[in-house]
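Q:
Residue numbers (this note's numbering): 371 to 413.
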């Protein structure tokens with residue numbers, strides 16, 4: 371379980387254009403990660 375202030379583990383997901391995006395693509399930049407359930411979206 372992650373806790374506030376911990377580093378997020380490396381992961382790769384597909385974006386809305388079906389391209390792979392990895393957390394490491396943003397190394398050195400500030401990143402906000404927000405997860406929400408798909409059942410509450412049009413996706």
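Here a beta-carbon is modelled for each residue, glycine too, at the ideal position from N, C-alpha and C.
Anyone know if the C-beta pair for residue 380 and residue 393 falls short of 7 Å?
A: Position 10 of the chain shown, counting from 1, holds the residue named residue 380. Position 23 of the chain shown, counting from 1, holds the residue named residue 393. Yes, the Cβ-Cβ distance between residue 380 and residue 393 is below 7 Å.
Q: Note down the Cα distance separating residue 399 from residue 387, rounded to an integer number of angstroms.
A: Locating residue 399 in the chain shown gives position 29, counting from the first residue. Locating residue 387 in the chain shown gives position 17, counting from the first residue. Distance between the alpha carbons of residue 399 and residue 387: 22 Å.
Q: Between which two residues does the beta strand (DSSP E) harbouring residue 383 extend?
A: Translated into positions along the chain shown, residue 383 becomes position 13. From DSSP, the beta strand (DSSP E) with residue 383 extends over 382-384.
Q: State the DSSP-derived secondary structure class of residue 390, mapped to helix, strand or coil.
A: Taking the chain shown and counting its residues from 1, the one referred to as residue 390 is at position 20. Residue state, collapsed to three classes: strand.
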